[in-house]
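According to full-length UniProt numbering, the sequence shown is numbered sequentially starting from 1. Notes follow once the structure below has been shown.
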Amino acid sequence: MMTKGGQIEISDIHDVNFGWKDKPLEVDYVTNLWGGTGSKLSFENIDNFNSISRASGGIFVQADSAISFDNVKNIYIANEYAKESGGGRGAVQLFCSSSGDAVKPASFSITNAETVTISGTVASTNNTAVGAGIIVHDRGGDYKGSKSANLLIEAKSIDIHGSDLGIYLTRAETNSGSTNIQLEAEKDLSISVDGAGDALRLNNKTGDQTDVSLKSPVISIQGNVSSERSNTNISADTAVIYGNVTLKDAESSLSLSNHSEKIANTILNGDVSSLGSISLANQNLVQESGNFKSENLTANNSSLTFNTVKKGGIAIQKLNGNLKLRAGSKVTETYGTASAALNAIKNDIISANSEQLMKGFTGGEASDLTAAWEYNPENGTVTTLGDASGLSPTLVAARKTAGANLAQWRYEVNHLSERLGEVRNLQGSVGTWARVYGAEAKLEDSVSTKVRGNTIQVGADVRVGDNWIVGGAFGYTDSKADFSNGESSTDSFNLAAYGTAFFPFGGYVDLIARVGRMSTDVDVATVTDFKSSYDNTTFGVSAEVGYRWDISKTFYLTPQAELSYGLVKGADYTAANEIRVDQDDFQTLVGRLGFQAGMNVADGAGSVYLTASVNHDFQGESDAYARRGDSAVQKLSEDLGGTWVSYGFGGQINVKDNWSFYGSLTRANGSDYQENYRYSVGTRYCW
């Protein structure tokens, strides 16, 4: 459709289609409003407008001409440039030249729309042309011009896409006019390119003032932003720019402001390099990667969180207003500790205006490896938030999981009475038994930890001679640990061989050796999800001695002593977020002194007792080391050594002279792991 003067109005119909997706229009241009003629083309009150073409360009408007869309609900403009050579090609092009003595600008406007999609691509067979969503230019082949250009799009949702460039402005003619581009969306606005192209390329070499305004609650810019003698204003409550931001000269500016009254959250993923001016208003600006360098920065109620660790990565030559500066998660993770990160920030990362910038420095964000921390610029103090070790909640949970596994294996060293009950007077030479036992423990720390475990154990034994019972057992344990930031679960299997001897004078000895396998799943998070599975092989031996003193036929007292050793072989594993953990072997050596004070029930029907023990683990340390990529290594150390007291009660019911039920309920206090309860219920039958 070409016009040379006059006005065309298309209105009050359902659909307007210039081509279809399966059959694009193959022409020179879908519309070409010739310059210098005052041509006008308008579309009003239409449900759907589709312009789908394989052409030199899609919608083409020259100076002194205008195309407008008003109350067109859904607008879809897509063009693929399929020729084998050519320059920049856009789905929408505003050409600032004309064949007449035009004074009015080239004009393109969309108002009162719901969705607007503009896409300009280049066929894969073309290696020279550039595909863009929107192009504004003043030179094309033999045609040149210096007129102004205005582009306005107002809709609920706007999507601009180009294979190479999103919005491309080039003004190279002497005394070229001004350019005004306004995109305003009620819901969301997106400008994107394929690969590493420029979402916004504003090359205003010789033109008058160039202003680009992007307004929407949500703005996504997928690609670089490059500005030469141009002003860009981005107003959003949530914005992302995935690409580099470059202001090439002192006449360029970038303004980031909030769309509503709340503080805006803006994410930058790329370098910021500005010879011009950057303005931040009500911004929580997070730069996920890249350096931040600006000649002039004005900040009003705004903060900048940076993640660069490069020397001179933060360089703000002149700061106007107050800027809160904060180190992102990568900074502390790289240097390992808050103090090391602070030293690097002061002396290496900030290369210009350091003293002024440090007055607004507030601390560092938590990473997957390190805890958050605060900095007081008044006195220079650093305060670690969370775990005193400086570890992240993720690593604290990983540390607690390893400690819980060590504790679980340590507590597998069970007392004789819990495992077999009172077997002295049971008749029969072959015994079989089964029991269920478990515990709940809770630890309040930087990461609140609750550990629960339940075990099913079965065994069989035979009498050897007058004194000994020799047997074996198999057990399965299901334990879970709940953290404030996730959970872990462990399934374990173990085999045990034991020998127990009872002597006529009342003494006894119980020996046991065990081997097992623990399989652990961890799912916690600080910044990203730490998901992993690993296996530990376990070994243990213990010896318990005691003496039963029958004070009378009814009452008895049994002092006891026990020494047990456990080993959990360390495992090396890598989580889903690429954190690698290397565990050392964990060892435990527990000594116990205790007693049972009991009472026999009449006619051999059973007994009840009270029990108490003092326990001490002479080792009980679990160490591991974690890192990700080139980050500093973090040590995960959990010390379960020390002394604790366990106490409770138990009893046994003899159903027959060869069949009994027995159980106990205890608590423990004093160690790092406080047991709320530990129970054991079992039965034994002899033949």
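Cβ atoms here follow ideal geometry from the backbone N, Cα and C, with glycine treated the same way. Because the structure is a prediction, the values reported are computed rather than measured.
Cβ distance (whole Å) where residue i is taken to contact residue j below 8 Å
i: residue 654; j: residue 646; result: Contact doesn't hold; Cβ gap of about 26 Å is too wide.
i: residue 486; j: residue 523; result: 5 Å
i: residue 676; j: residue 440; result: 5 Å
i: residue 303; j: residue 277; result: Not really, about 19 Å apart at Cβ, beyond 8 Å.
i: residue 156; j: residue 115; result: 7 Å
i: residue 247; j: residue 275; result: 6 Å
i: residue 407; j: residue 449; result: 11 Å between Cβ atoms; not a contact.
i: residue 225; j: residue 243; result: 7 Å
i: residue 234; j: residue 191; result: Going by Cβ atoms, the distance from residue 234 to residue 191 rounds to 10 Å, so no, they are not a contact pair.
Backbone secondary structure at residue i - three-state DSSP
i: residue 559; result: strand
i: residue 30; result: strand
i: residue 688; result: Any property of residue 688 remains undetermined from this structure, which presents the chain solely from 1 to 687.
i: residue 50; result: strand
i: residue 420; result: helix
i: residue 533; result: strand
i: residue 401; result: helix
i: residue 454; result: strand
i: residue 681; result: strand
i: residue 604; result: helix
i: residue 491; result: strand
i: residue 175; result: coil
i: residue 369; result: coil
i: residue 446; result: Reliability of the predicted coordinates at residue 446 is poor, the pLDDT of 47 falling under 50, and no value is obtained from them.
i: residue 309; result: coil
i: residue 349; result: helix
i: residue 8; result: strand
i: residue 206; result: coil
i: residue 396; result: helix
Close Cβ partners of residue i (< 6 Å) along its chain, the five nearest in sequence each way excluded
i: residue 446; result: In this prediction, residue 446 scores a pLDDT of 47, lower than 50, which makes its location untrustworthy; no coordinate-derived value is stated.
i: residue 11; result: 44, 45
i: residue 204; result: 171, 210, 228, 229, 230
i: residue 562; result: 544, 592
i: residue 17; result: 50
i: residue 178; result: 148, 208, 209
i: residue 349; result: 313, 314
i: residue 649; result: 610
i: residue 475; result: 455, 457, 494
i: residue 695; result: Because the chain here runs from 1 to 687, residue 695 falls outside it and cannot be looked at.
i: residue 7; result: 40
i: residue 109; result: 68, 152
i: residue 187; result: 156, 157
i: residue 596; result: 558, 609, 611
i: residue 300; result: 281, 321
i: residue 9; result: 42
i: residue 1; result: 31
Endpoints, beta strand (DSSP E) assigned at residue i
i: residue 331; result: Residue 331 -> not in any beta strand (DSSP E); alpha helix (DSSP H) instead, spanning 329 to 335.
i: residue 239; result: 238 to 242
i: residue 651; result: 642 to 656
i: residue 483; result: 468 to 483
i: residue 384; result: 381 to 384
i: residue 247; result: 245 to 247
i: residue 661; result: 659 to 669
i: residue 130; result: 130 to 137
i: residue 726; result: Nothing can be reported for residue 726, as the shown portion of the chain is limited to 1 through 687.
i: residue 72; result: 66 to 81
i: residue 58; result: 57 to 62
i: residue 639; result: 634 to 639
i: residue 364; result: 361 to 364
i: residue 628; result: From DSSP, residue 628 is part of no beta strand (DSSP E); its letter is neither H nor E.
Span of the alpha helix (DSSP H) around residue i
i: residue 518; result: Taken as a continuous stretch (DSSP letters only), residue 518 belongs to no alpha helix (DSSP H), being part of the beta strand (DSSP E) at 507 to 525.
i: residue 343; result: 338 to 344
i: residue 355; result: 354 to 358
Same chain, Cβ closer than 7 Å to residue i, neighbours up to 5 away in sequence not counted
i: residue 383; result: 373, 374
i: residue 528; result: 368, 577
i: residue 251; result: 229, 276
i: residue 21; result: 52
Cβ-heavy atom distance, residue i to the ligand ADP, below 8 Å
i: residue 569; result: The model depicted lacks the ligand ADP and carries no ligand whatsoever.
8 Å Cβ shell around residue i - same chain, five flanking residues per side excluded
i: residue 429; result: 462, 463, 686, 687
Within-9 Å CB hit, residue i to chain D
i: residue 390; result: The structure shown has no chain D; it contains just one protein chain.
Problem set entry | Inter-stretch contact (C-beta, 8 Å, three-pair minimum) for the segment 366 to 386 and the segment 551 to 561 | no
For this session: May I ask you to verify whether the segment 619 to 637 touches the segment 596 to 608, counting CB pairs closer than 8 Å and requiring at least 3?
Result: No: fewer than three Cβ pairs fall under 8 Å.
For this session: Check whether the segment 510 to 522 touches the segment 347 to 364, taking contact to mean three or more Cβ pairs, one atom from each stretch, closer than 8 Å.
Result: no
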